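Asker:
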Amino acid sequence: MDATQLRRAIARTPLAPVAAFPKRLARVARHDAKVLRISARWLVTSREHHNYTYELTKLSRHHLAWFVSVVCDRPVQQVRGWLDEIESDQALRDHIEQTTAGAARRGLADKKVHYARRVGWYAIVRATRPAHIVETGVDKGLGTCVLASALLRNAQEGHPGRVTSLDINPEAGYLARVEPWSEVVDLVIGDSIASIGALDRPVDLFLHDSDHSRAHEKREFDAVEPKLAPGALLLTDNVTSTNVLAEHAERTGRRFLAYRESPANHWYPGDGIGVAW
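Residue numbers for the sequence shown follow my numbering, beginning at 96 and rising by one.
#1: Does Thr108 come out as helix, strand or coil in the three-state DSSP assignment?
#2: Since I believe Gly215 is in contact with Val280 (beta carbons under 8 Å), could you give me their beta-carbon distance rounded to a whole number of angstroms?
#3: In whole angstroms, what separates the C-alpha of Gly238 from that of Val370?
#4: His361 and Trp137: beta carbons closer than 8 Å?
#5: Could you pull out every residue in the same chain whose Cβ sits closer than 8 Å to the Cβ of His190, ignoring the five residues on either side in sequence?
#6: Let me make sure I understand the geometry here. Which of Ala218, Ile181, Asp262 and Arg224 has the alpha-carbon closest to that of Glu315?
#7: What does the Cβ neighbour count give for Trp177, buried or exposed, with the cut at 16 atoms within 10 Å?
#8: Rounded to whole angstroms, how far is the Cβ of Val208 from the Cβ of Arg188, which I believe are closer than 8 Å?
#9: Excluding the 5 residues preceding and the 5 following Arg349 in the sequence, name in chain order all residues of the same chain whose CB lies nearer than 7 Å to its CB.
#10: Drop a sphere of 10 angstroms on the beta-carbon of Asn333, count the other beta-carbons inside from all chains shown, and report buried for 16 or more, exposed for fewer.
#11: Quick test of your reading: Thr331 and Val339, contact by CB under 8 Å. State the CB separation rounded to the nearest angstrom.
#12: Need the endpoints of the beta strand (DSSP E) that Val258 sits in, please.
#13: Are the beta-carbon atoms belonging to Asp205 and Glu143 less than 8 Å from one another?
#14: Buried or exposed for Asp252, please, with buried defined as at least 16 other CB atoms from any protein chain shown within 10 angstroms of its CB.
#15: Have a look at His157 and Gly367 and give me their C-alpha separation to the nearest angstrom.
#16: Of the residues Pro364, Phe116 and Tyr217, which one's Cα is nearest the Cα of Pro225?
#17: Tell me whether the beta-carbon of His343 lies closer than 8 Å to the beta-carbon of Pro297.
#18: What's the call for Val299, buried or exposed, on a 16-neighbour Cβ count within 10 Å?
#19: Let me make sure I understand the geometry here. Which of Tyr354, Arg346, Pro325 and Leu328 has the alpha-carbon closest to that of Ser336?
#20: What residue range does the alpha helix (DSSP H) around Leu300 cover?
#21: Going residue by residue through the region 120-194, where are the continuous alpha helix (DSSP H) segments of at least 4 residues, counting only ones entirely within it?
#22: Roughly how many angstroms lie between the CA atoms of Ala160 and Asp179, to the nearest whole one?
#23: Would you call Ser308 buried or exposed, if buried means 16 or more other Cβ atoms sit within 10 Å of its Cβ?
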């Protein structure tokens with residue numbers, strides 16, 4: 096009996112799990128060693144304590160381009176162009192790096208700029224040309240600047256728009272308080288539900304990125320529903336944790352699609368983008 100026949104014979108016996116254990120252990124050990132190595136490097140080199148930033152893997156970026164292409168019904172080549180556009184915006188990168196270096200919270204922010212799934216937000220705004228975006232949850236304002244950059248590009252092409260950014264923290268949004276990005280940003284400090292209720296113009300694109308509890312996410316989508324313009328898009332940054340937007344889409348007769356990002360060389364498993372349209 097040769098080695099192959101022996102393995103097949105053992106596989107048909109109760110000894111199979113025991114025989115396979117060394118190989119299974121080796122695979123787990125390789126995986127865990129990689130995670131530990133990446134985690135250790137991050138602990139030493141990064142300052143972030145939440146809202147982690149990172150690059151996407153090449154494959155994840157390809158999938159994101161197709162995701163936006165399907166949702167927005169635009170050619171994938173055009174979407175890839177928009178992804179490259181935000182990545183190559185040196186003025187935005189310089190602004191974020193310089194403002195972060197001088198900010199009071201610089202001890203909790205990395206110097207190098209990583210957009211991750213936010214480049215998908217940018218492409219969606221470039222594709223749909225919304226007149227009014229509302230985002231909840233601002234933190235430093237990285238996402239706000241990405242949205243504002245897309246709006247500024249749209250305005251150059253004859254499609255102006257603004258983003259209303261809602262956060263309960265008075266210190267939020269320091270990255271988005273500088274021109275030209277601040278020219279298209281209305282930063283509102285206060286409870287998101289109350290602020291949504293006070294909106295006085297239709298919403299073309301709504302992005303939930305605030306309190307990530309299921310109950311609060313649902314309250315935001317319920318609150319913004321009567322404020323939406325025809326054909327508005329609903330986005331959530333919470334799609335890897337809850338099914339709230341999918342359920343809202345089903346109740347309101349919309350389509351829903353989710354994308355999950357894959358960070359490159361980071362211990363964090365990543366977040367995603369959920370879209371209802």
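Every residue, glycine too, gets a C-beta built ideally from N, C-alpha and C. The structure displayed is predicted, hence computed values, not measured ones.
Answerer: Once the coordinates are examined:
#1: Position 13 of the sequence shown holds residue 108. Here Thr108 sits in coil by DSSP.
#2: If you number the sequence shown from 1, residue 280 lands on position 185. If you number the sequence shown from 1, residue 215 lands on position 120. About 20 Å separates the two Cβ atoms, so there is no contact after all.
#3: Here residue 238 corresponds to residue number 143 of the sequence shown, with the count starting at 1. Here residue 370 corresponds to residue number 275 of the sequence shown, with the count starting at 1. So the two alpha carbons sit approximately 16 Å from each other.
#4: Translated into the one-based positions of the sequence shown, residue 361 becomes position 266. Translated into the one-based positions of the sequence shown, residue 137 becomes position 42. The Cβ-Cβ distance between His361 and Trp137 falls below 8 Å.
#5: Sequence index remark: in the sequence shown, residue 190 carries index 95 (1-based). Cβ contact annotation for His190 (same chain, cutoff 8 Å, sequence separation greater than five): Cys240, Leu270, Val273 and Trp276, in chain order.
#6: Along the sequence shown, read from residue 1 onward, the residue named residue 315 stands at position 220. Out of Ala218, Ile181, Asp262 and Arg224, Asp262 has the C-alpha closest to the C-alpha of Glu315.
#7: Numbered from 1 along the sequence shown, position 82 holds the residue referred to as residue 177. Result: buried.
#8: Indexing the sequence shown from 1 puts residue 208 at position 113. Indexing the sequence shown from 1 puts residue 188 at position 93. Indeed they touch by this definition, with Cβ atoms about 5 Å apart.
#9: Within the sequence shown, residue 349 is the residue found at index 254, counting from 1. Correct list, in chain order: Ala371 and Trp372.
#10: Within the sequence shown, numbered from 1, the residue matching residue 333 stands at position 238. When all chains shown are included, Asn333 counts as buried.
#11: If you number the sequence shown from 1, residue 331 lands on position 236. If you number the sequence shown from 1, residue 339 lands on position 244. Contact flag correct, Cβ pair sits at about 7 Å.
#12: Taking the first residue of the sequence shown as position 1, residue 258 is located at position 163. Taken as a continuous stretch (DSSP letters only), the beta strand (DSSP E) holding Val258 covers Arg257 to Asp262.
#13: By 1-based counting over the sequence shown, the position of residue 205 is 110. By 1-based counting over the sequence shown, the position of residue 143 is 48. Yes, the Cβ-Cβ distance between Asp205 and Glu143 is below 8 Å.
#14: Here the question's residue 252 lines up with position 157 in the sequence shown. The amino acid at residue 252 is misidentified as Asp; the sequence shows Glu. Exposed is the call here.
#15: The residue you call residue 157 lines up with position 62 of the sequence shown. The residue you call residue 367 lines up with position 272 of the sequence shown. Taking the straight line from one Cα to the other gives about 14 Å.
#16: Your numbering for residue 225 matches position 130 in the sequence shown. Nearest of Pro364, Phe116 and Tyr217 to Pro225, Cα basis: Tyr217.
#17: On the sequence shown, residue 343 is found 248 positions in, with the first residue counted as 1. On the sequence shown, residue 297 is found 202 positions in, with the first residue counted as 1. Contact flag unset, no.
#18: For the purposes of this step, residue 299 is taken as the residue at position 204 of the sequence shown. At residue 299 the sequence reads Asp, which differs from the Val that was named. Classification for Asp299: buried.
#19: By one-based count along the sequence shown, residue 336 stands at place 241. That would be Tyr354, whose Cα lies nearest to the Cα of Ser336.
#20: Reading the sequence shown from its first residue, position 205 is the one you call residue 300. Per DSSP, Leu300 belongs to no alpha helix (DSSP H); it is in the beta strand (DSSP E), Val298 to His303.
#21: 153-167 and 171-182
#22: Walking along the sequence shown from the start, residue 160 turns up at place 65. Walking along the sequence shown from the start, residue 179 turns up at place 84. Taking the straight line from one Cα to the other gives about 11 Å.
#23: Position 213 of the sequence shown, counting from 1, holds the residue named residue 308. Residue burial is scored here from C-beta neighbours: Ser308 has fewer than 16 other C-beta atoms within 10 angstroms and is therefore classed as exposed.
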